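Report on one structure; see the data block that follows.
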Amino acid sequence: MLTEGRGVNVVYDGVGKDTFEMDFKLLMRKGTLVSVGNASGAVLPFSPLKLMAKNLKLVRPSYVTVFVSGLKYNL
């Protein structure tokens, strides 16, 4: 196995609804799920307790926010 059963540190998911549940299985304990798209549709609402089993982090960055912040701070 590629990770010897431990899972991966980070999953970058640009698909959304169709792969969201599988992302949790791929992540290792204290892993991070970065949701960057929804090509298959928006992810359905879920309980934050879902993150607790493996102490996971979920982030949904916005390129618009980064761009506007960059202008504000002259980056």
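In full-length UniProt numbering, the protein residues as written are 1 to 75.
A virtual CB, placed ideally from N, CA and C, is assigned to each residue, including glycine.
Every value quoted in this text rests on a predicted model; they were computed, and no experiment measured them.
Under the rule that a run must span 4 or more residues, the alpha helix (DSSP H) segments found entirely inside the UniProt domain "Alcohol dehydrogenase-like C-terminal" (2 to 59) read 20 to 26.
Taking a C-beta distance under 9 Å as the contact criterion, residue 37 and residue 13 qualify as a contact pair.
The C-beta distance from residue 27 to residue 7 rounds to 5 Å, short enough to fall under 8 Å. Counting of Cβ neighbours within 10 angstroms places residue 58 among the buried residues, the total reaching 16 or more.
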